[in-house]
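When we follow the working numbering, the leftmost residue of the sequence shown carries the number 532, and every step to the right adds one.
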Amino acid sequence: MKNQEIRRLTEKHVAHTYARFPIALVRGKGSRVWDADGKEYLDFVAGIAVNSLGHSHPAVVRALEQQARRLIHVSNLYHIAPQSELARDLCRHSFADKVFFCNSGAEANEAAIKLARRYGGEWLGGKYEILSTHNSFHGRTLATLTATGQEKVRAGYDPLPAGFRQVPYNNLKAMEEAIDEKITVAILVEPIQGEGGVIVPEKGYLQGLRELCDKRGLLLIFDEVQVGVGRTGKLFAYEHFGVEPDIMTLAKALGGGLPLGAMLAKEEAARSFVPGAHASTFGGNPLACSVGRAVLKALLQGGVLKNCVKMGRLLFNGLQRLKERFPFVREVRGKGLILGMELDRDGSKIVEDCLQAGMLINCTAHKVLRFLPSLTVSKKDLDRGLTILEKVLARQ
Ligand SMILES: Cc1ncc(COP(=O)(O)O)c(C=O)c1O
């Protein structure tokens, strides 16, 4: 089937929740993808921070094939070896003592919210409220869209669940003033906002939140669904800031392309999850967890994080040079290989022109071009991407 036929089928039979580009991607290798008409693209979207090892990475393919031959799925009524091993690996390399597995970022945040509420009910006299931030993104379930600080994500879903409030990001005073002694149980933030426009908080913000939580007896929850698992050049984004959360959520890159989410927690909070308190049929499935283990191993042993830091610096410098050349570029920001280029205008035309020119990028928060290449991207591909972008920007 060609692009047009696939597009016709999608439009006829798939729910219209996405405004899609008019191509169907059917094959990928490393940082390249091909559409159904055979056109090649440089992929700087990577499934929105999912395909961090590039497409069809041999370690991912090997783990998938081997596990598929052995055992694809069993119920969480039984112990699952790849799940136990992945949980051990995640705890070994993070602040956490326990992991709950699920299938997506929204579910990981849903688990974090449920755990915080149970903890508040059990140990804090019934506190339940979650404070999050404007511009944040935490998912599309009813609870996570209510925690999300973007009106457009919530529109049409009233009545929303009670117990959520947002304050401006990067503003410690606003957070402190918002805490309600009687009901607030946790603060939920992204260490770097992704969908909100690649916003890196000021120095001291996350430390300040940690101190606030310690002082007021609240749980600190970091949503690392987009920026965790190597994206920023460290395994977890919080490592850049010298603070640890009580709970952290992961998904996207963790499964190397398979649906895999995780909520990690310190023992103190985790003990509020007891048998029957929460569950997921597919969560921690042998196939997804085997691939998750391969992803972690490649990140920790394969020089991938080093490449991310090095290529991130090159891409940042390249984007910065374009900022100097084009006055409509306002700012370049980010960490590792999550970089944003803020424009003084809507970025959708530039994204379309890049697609025409053979390069996939994305625009978020209307004006921020977001660059999320695979963490294994080569200098050659980065240079090629920058050349395409420069040509496209010159035409604006
Ligand atoms: C920070 C953050 N949290 C949660 C989510 C939701 O993840 P999912 O789409 O896997 O439910 C996203 C998705 O973009 C995200 O960026």
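Ideal placement from N, C-alpha and C gives every residue a C-beta, glycine not left out.
Taking 7 Å as the cut-off, does the CB of residue i come closer than this to any heavy atom belonging to ligand 1?
i	result
PHE668	yes
ILE869	no
GLN757	yes
LYS783	yes
SER583	no
SER909	no
ILE579	yes
ALA686	no
ASP754	yes
ASN893	no
GLY636	yes
GLU721	yes
Could you pull out every residue in the same chain whose Cβ sits closer than 7 Å to the Cβ of residue i, ignoring the five residues on either side in sequence?
i	result
GLU798	ASP628 and LYS629
VAL840	GLY764 and GLY867
ALA800	LEU646, TYR650, LEU750, ASP777 and ILE778
Leaving out five residues before and five after residue i in sequence, what residues of the same chain have Cβ atoms less than 8 Å from its Cβ?
i	result
GLU682	none
ALA933	Only positions 532 to 927 of the chain appear in the structure, and residue 933 is not among them; the question remains open.
PHE847	VAL863, GLY865 and LEU870
ALA570	Per the sequence shown, residue 570 should be read as Lys rather than Ala. Cβ neighbours of LYS570 beyond the five flanking positions: ILE554 and GLY889.
Give me the Cβ distance between residue i and residue j, rounded to the nearest whole Å; I'm assuming they're in contact under 8 Å.
i	j	result
LEU662	VAL698	6 Å
GLY761	ALA784	6 Å
VAL731	LEU870	Wrong, their Cβ atoms sit about 10 Å apart, outside the cutoff.
MET706	LEU751	Contact doesn't hold; Cβ gap of about 11 Å is too wide.
VAL908	MET842	5 Å
LYS563	TYR549	Correcting the residue identity first, residue 563 is Arg in this sequence and not Lys. Incorrect: roughly 23 Å between the Cβ atoms, too far for contact.
LEU789	ALA819	4 Å
PRO722	LEU703	Contact doesn't hold; Cβ gap of about 15 Å is too wide.
LYS658	HIS809	With 8 Å as the limit, LYS658 and HIS809 do not qualify as a contact, their Cβ atoms being about 19 Å apart.
LEU584	GLY787	6 Å
For residue i, does the count of other Cβ atoms within 10 angstroms reach 16, so buried, or fall short, so exposed?
i	result
GLN724	buried
THR677	buried
SER635	buried
LEU691	exposed
LYS880	exposed
TYR688	exposed
MET872	buried
PRO858	exposed
ASP912	buried
ASP574	buried
GLY773	exposed
GLY656	exposed
GLN757	buried
THR679	buried
VAL720	buried
TYR609	exposed
Within the same chain, show all residues whose beta-carbon is closer than 6 Å to that of residue i, passing over the 5 residues directly before and after it, in chain order.
i	result
ILE919	ALA888 and MET890
ALA590	ALA825 and ALA829
MET779	PHE753, GLU755 and LEU795
GLU638	GLY792
LEU827	ASP620
ARG558	TRP565
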